[in-house]
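Colleague: Numbering (this note's numbering), first residue to last: 101 to 390.
All C-beta atoms, glycine included, are put in the ideal place defined by N, C-alpha and C.
Encoded as structure tokens, here's the structure I'll be asking about.
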């Protein structure tokens with residue numbers, strides 16, 4: 101699965117109070133949807149599974165999946181909810197507003213159903229600190245309209261808040277073996293900054309900062325990046341040299357030292373290993389292409 105293609109985009113977010121005993125049956129949303137039960141009680145049914153909903157219930161319904169909502173007849177639930185795509189789908193030519201719900205499966209247009217997320221997300225979980233979750237949702241509440249020239253900046257702000265929420269949500273619901281250790285994010289941010297500024301520290305200083313062993317640090321690092329630390333650092337530097345090889349006339353020797361390589365020989369050897377050709381050949385091929 102190409103994770104580079106995934107850019108979550110929220111189309112509509114709101115608060116919806118149910119009436120006593122209200123039913124909303126056979127729903128099929130073109131977007132994925134998330135529902136936080138902020139008050140009251142009810143039931144959600146989906147694919148022959150039934151979950152009682154209480155304050156703090158968080159329900160995730162993938163795009164196109166049929167589901168029913170049934171509110172309690174005495175203390176009906178309130179949804180704090182959002183409709184979003186993991187990859188933006190433009191449906192403006194087909195629907196007049198973003199949060200389209202189909203109540204007849206035979207009328208669904210498969211090409212307009214949003215993509216599924218590649219990792220397993222539970223349909224129903226219970227959250228603690230309900231107010232924290234409500235506050236997250238409220239930051240990106242929107243009207244059920246497509247952005248235009250008047251609302252564009254507001255939409256940018258909403259998307260920013262929504263992406264922060266999605267990070268929070270995925271961190272909460274994904275299993276530890278699916279999601280990198282949270283400590284690695286700050287460490288990788290520091291490491292990347294050190295690489296960009298030419299202030300790379302010995303690896304020991306990074307794992308001592310986390311107060312973990314060298315072996316465990318290597319395990320966490322590979323889980324977070326897919327690479328051991330040294331390979332990550334080398335690839336990071338090589339990618340930066342590729343920009344200079346493509347876009348400048350700086351000598352290859354100067355490029356090597358500029359990006360922290362101890363010798364032009366080592367730089368050329370590593371570049372060939374990662375790219376299958378020498379820096380000089382890479383530069384020549386790029387210039388010929390341009």
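Roughly how many angstroms lie between the CA atoms of residue 137 and residue 186, to the nearest whole one?
Modeller: In the chain shown, the residue the question calls residue 137 occupies position 37. In the chain shown, the residue the question calls residue 186 occupies position 86. Looking at the two C-alpha atoms, the distance is approximately 22 Å.
Colleague: What does residue 182 pair with, by DSSP beta-bridge criteria?
Modeller: Here residue 182 corresponds to residue number 82 of the chain shown, with the count starting at 1. Answer by DSSP bridge pairing, in chain order: 113 and 134.
Colleague: Would you say the segment 192 to 212 touches the segment 260 to 275, given that touching needs at least three Cβ pairs under 8 Å?
Modeller: Verdict: no, contact absent.
Colleague: Within its chain, find whatever has a CB closer than 7 Å to the CB of residue 355; leave out the 5 residues flanking it on each side and keep chain order.
Modeller: For the purposes of this step, residue 355 is taken as the residue at position 255 of the chain shown. Correct list, in chain order: 341, 344 and 345.
Colleague: For residue 366, is the classification buried or exposed, using 16 other Cβ atoms within 10 angstroms of its Cβ as the cut-off for buried?
Modeller: Counted from its first residue, the chain shown places residue 366 at position 266. By the 10 Å Cβ count, residue 366 comes out exposed.
Colleague: Hey, residue 199 and residue 111: beta-carbon distance below 8 Å or not?
Modeller: One-based indexing of the chain shown puts residue 199 at position 99. One-based indexing of the chain shown puts residue 111 at position 11. Yes.
Colleague: Pull up the CB-CB distance for residue 287 and residue 334, whole angstroms please, since I reckon it's below 8 Å.
Modeller: Stepping through the chain shown from its first residue, residue 287 is reached at position 187. Stepping through the chain shown from its first residue, residue 334 is reached at position 234. About 18 Å separates the two Cβ atoms, so there is no contact after all.
Colleague: Would you check if the segment 146 to 158 and the segment 204 to 216 touch, i.e. whether three or more CB-CB distances between them fall below 8 Å?
Modeller: No contact exists between the segment 204 to 216 and the segment 146 to 158.
Colleague: Just list the alpha helix (DSSP H) runs in the segment 223 to 281, keeping only unbroken ones of 4 residues or longer that don't cross its boundaries, in chain order.
Modeller: Correct list: 230 to 239 and 252 to 273.
Colleague: My understanding is that residue 162 touches residue 119, with C-beta atoms under 8 Å, so please give their C-beta distance in whole angstroms.
Modeller: Locating residue 162 in the chain shown gives position 62, where the first residue counts as 1. Locating residue 119 in the chain shown gives position 19, where the first residue counts as 1. Incorrect: roughly 27 Å between the Cβ atoms, too far for contact.
Colleague: Note down the Cα distance separating residue 165 from residue 105, rounded to an integer number of angstroms.
Modeller: Numbered from its first residue, the chain shown carries residue 165 at position 65. Numbered from its first residue, the chain shown carries residue 105 at position 5. So the two alpha carbons sit approximately 22 Å from each other.
Colleague: For residue 271, count neighbouring Cβ atoms within 10 angstroms of its own Cβ and tell me buried if that reaches 16, exposed if not.
Modeller: On the chain shown, position 171 is the one that residue 271 refers to. Exposed: under 16 other Cβ atoms inside 10 Å.
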